[in-house]
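Engineer: In my numbering, the protein residues as written are 8 to 372.
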Amino acid sequence: MPAAANPAVAKPVPALPDPGALLAWYDRHQRRLPWRAPSGLRQDPYRVFLSEIMLQQTTVVTVAPYYDAFLRRWPDVEALADAPLEEVLSAWAGLGYYARARNLHACAKAVCERHGGQFPADEEALLALPGIGPYTAAAIAAIAFERRAAPVDGNWERVVARLFAVADPLPKARAKLRVLALTLLPRARYGDFAQAMMDLGATICTPRKPACALCPWQSPCAARALGAPERYPVKAAKAARPTRQGVAFLAVRADGAVLVRSRPPKGLLGGMSEVPSTPWETGGSVHPAIHAPFSASWTALNATVTHVFSHFALELQLWRADVPADARAPAGHRWVLPGGFDAEAFPSVMRKVLAHAQPFFTGPE
DNA sequence: AATACGTGGCA
DNA sequence: TTGCCAAGTAT
8 MPAAANPAVA
18 KPVPALPDPG
28 ALLAWYDRHQ
38 RRLPWRAPSG
48 LRQDPYRVFL
58 SEIMLQQTTV
68 VTVAPYYDAF
78 LRRWPDVEAL
88 ADAPLEEVLS
98 AWAGLGYYAR
108 ARNLHACAKA
118 VCERHGGQFP
128 ADEEALLALP
138 GIGPYTAAAI
148 AAIAFERRAA
158 PVDGNWERVV
168 ARLFAVADPL
178 PKARAKLRVL
188 ALTLLPRARY
198 GDFAQAMMDL
208 GATICTPRKP
218 ACALCPWQSP
228 CAARALGAPE
238 RYPVKAAKAA
248 RPTRQGVAFL
258 AVRADGAVLV
268 RSRPPKGLLG
278 GMSEVPSTPW
288 ETGGSVHPAI
298 HAPFSASWTA
308 LNATVTHVFS
318 HFALELQLWR
328 ADVPADARAP
338 AGHRWVLPGG
348 FDAEAFPSVM
358 RKVLAHAQPF
368 FTGPE
């Protein structure tokens with residue numbers, strides 16, 4: 008041991024992170040989640056798929072009730088593939104990132120048509136399915152099929168960035184973090200390891216105030232050695248969020264029905280239901296009336312609906328018109344009674360709008 | 001590579 | 001109140 012024999016060259020070399028230490032921690036502290044199989048059992052690939060799509064950029068607490076509802080309504084991939092897209096969108100309403108729901112449905116169809124109703128086990132084949140990117144392909148491969156794969160999500164990135172004190176800012180550091188993450192993989196238990204990394208990130212190695220004293224990897228962690236684990240990962244500055252304005256037209260029929268239409272199949276809130284409105288633009292529309300679904304005595308309500316989307320904030324003024332029970336719906340529009348609201352694919356912003364149409368409709372929960 | 005794409009909770 | 005954050009993907 009030449010190095011150790013020379014005190015002048017000897018440095019305190021931190022131990023490399025041991026995958027076994029994390030797995031041992033996971034065996035004691037793993038969270039019980041609705042989509043997790045009983046210990047030692049492999050989870051149904053459809054359930055892994057469903058949960059992973061829902062969990063993209065979405066918290067466990069938010070996902071849980073949606074996951075239960077979907078699984079009860081569509082217990083397997085064939086059932087989901089056979090469902091009308093409108094029903095899937097309606098069930099997804101409120102979860103956000105609605106392209107996920109469209110792709111979820113398209114993916115179920117693809118699995119049935121291209122793979123005989125069986126999810127493929129290979130990352131590459133999974134990656135070819137709609138809505139399944141690098142993370143989800145790896146997650147399904149590891150968790151449902153016990154394949155050697157690294158589903159590098161935000162938790163992995165945070166844990167790895169701290170373990171190795173990666174100073175490069177995200178998202179550019181992503182490739183480097185992935186390489187480092189691969190060095191951590193164990194020789195077995197790939198599914199458990201993937202979920203252990205996520206549990207560690209969610210409960211110990213948290214974005215703020217990480218609980219380093221409880222961490223199975225506190226000893227090899229470079230960021231902790233530096234005394235500032237919460238400084239990692241470094242993130243690039245995000246773009247400012249502009250505000251857009253618009254006017255939403257609340258046409259209320261004498262029996263309480265509200266005039267509704269469906270948004271274009273792609274883009275923002277693609278395929279979802281909405282109250283007709285002007286375009287949403289920074290600066291707003293100079294002449295809202297030309298965008299009204301029909302001519303009527305529109306009254307500006309003393310109400311503004313505000314809503315924050317991922318890349319802009321919205322301020323919606325409300326115009327209301329009360330119309331006779333025999334009023335016709337313009338082309339592309341339909342009347343929906345309050346009792347039918349739950350069957351519609353109203354995103355959260357529209358639930359806020361509709362709360363102003365019906366005093367007895369409370370809107371988003 | 002950069003941007004579009006939701007929502008709700010928390011400090 | 002404002003900004004940050006959560007099991008990302010598509011283009």
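For every residue, glycine included, the Cβ atom is placed at its ideal position computed from N, Cα and C.
Treat the numbers as computed from the prediction; the structure is a model and nothing was measured.
Given a cut-off of 8 Å on the beta-carbon distance, is the pair GLY208 and VAL166 in contact?
Structural biologist: Looking up residue 208 in the first sequence gives position 201. Looking up residue 166 in the first sequence gives position 159. Taking 8 Å as the Cβ cut-off, GLY208 and VAL166 qualify as a contacting pair.
Engineer: Over the uninterrupted beta strand (DSSP E) stretch that includes GLN324, give me the two end residues.
Structural biologist: Reading the first sequence from its first residue, position 317 is the one you call residue 324. Start and end: 320-330.
Engineer: With DSSP collapsed to three states, give me the class of TRP305.
Structural biologist: Your numbering for residue 305 matches position 298 in the first sequence. Of the three classes helix, strand and coil, the one that applies to TRP305 here is coil, per DSSP.
Engineer: I'd like to know whether the C-beta atoms of ALA151 and PRO52 end up nearer to each other than 8 Å.
Structural biologist: Counting from one through the first sequence, the residue named residue 151 turns up at place 144. Counting from one through the first sequence, the residue named residue 52 turns up at place 45. It is a contact, given that the beta carbons lie within the stated cut-off.
Engineer: Under the three-state reduction of DSSP, which class applies to ARG165: helix, strand or coil?
Structural biologist: Residue 165 sits at position 158 when you count from the first residue of the first sequence. Three-state DSSP puts ARG165 in a helix.
Engineer: Considering just the uninterrupted stretch of the alpha helix (DSSP H) at LEU29, what are its terminal residues?
Structural biologist: In the first sequence, counting from the first residue as 1, residue 29 sits at position 22. Note, LEU29: alpha helix (DSSP H), 26-36.
Engineer: Answer with buried or exposed for THR313, where buried requires no fewer than 16 other C-beta atoms within 10 angstroms of its C-beta.
Structural biologist: Start at 1 with the first residue of the first sequence, and residue 313 comes out as number 306. THR313 should be labelled exposed.
Engineer: May I ask which residues mark the beginning and end of the beta strand (DSSP E) holding ARG335?
Structural biologist: Taking the first sequence and counting its residues from 1, one reaches residue 335 at position 328. That residue, ARG335, is in no beta strand (DSSP E); it is neither H nor E in DSSP.
Engineer: In the DSSP assignment, find the alpha helix (DSSP H) that holds SER355 and state where it starts and stops.
Structural biologist: Position 348 of the first sequence, counting from 1, holds the residue named residue 355. From DSSP, the alpha helix (DSSP H) with SER355 extends over 355-361.
Engineer: If we call anything under 8 Å between Cβ atoms a contact, is PRO176 one with ALA243?
Structural biologist: Residue 176 sits at position 169 when you count from the first residue of the first sequence. Residue 243 sits at position 236 when you count from the first residue of the first sequence. Yes; because the gap between Cβ atoms is below 8 Å, this pair is in contact.
Engineer: Give me the Cα-Cα distance between HIS112 and ARG79, rounded to the nearest whole angstrom.
Structural biologist: Your numbering for residue 112 matches position 105 in the first sequence. Your numbering for residue 79 matches position 72 in the first sequence. HIS112 and ARG79: Cα-Cα distance of roughly 16 Å.
Engineer: Expressed to the nearest angstrom, what Euclidean distance is found between the alpha-carbon atoms of SER284 and VAL186?
Structural biologist: Position 277 of the first sequence holds residue 284. Position 179 of the first sequence holds residue 186. Taking the straight line from one Cα to the other gives about 48 Å.
Engineer: What residue range does the beta strand (DSSP E) around GLN252 cover?
Structural biologist: Here the question's residue 252 lines up with position 245 in the first sequence. Where GLN252 is concerned, the enclosing beta strand (DSSP E) stretches over 250-260.
Engineer: Let me know the alpha helix (DSSP H) ranges lying completely inside the region 178-213, each 4 residues or longer, listed in chain order.
Structural biologist: If we require 4 residues or more, the alpha helix (DSSP H) runs fully inside the region 178-213 come out as 181-189, 197-210.
Engineer: In whole angstroms, give me the CA-to-CA distance for ALA22 and ALA320.
Structural biologist: The residue labelled residue 22 in the question sits at position 15 within the first sequence. The residue labelled residue 320 in the question sits at position 313 within the first sequence. Between ALA22 and ALA320, the C-alpha separation is close to 47 Å.
Engineer: Taking its Cβ as the centre, do 16 or more other Cβ atoms sit within 10 Å of ALA258, making it buried, or is it exposed?
Structural biologist: Here residue 258 refers to the residue found at position 251 when the first sequence is read from its first residue. Answer is buried; the Cβ neighbour count reaches 16.
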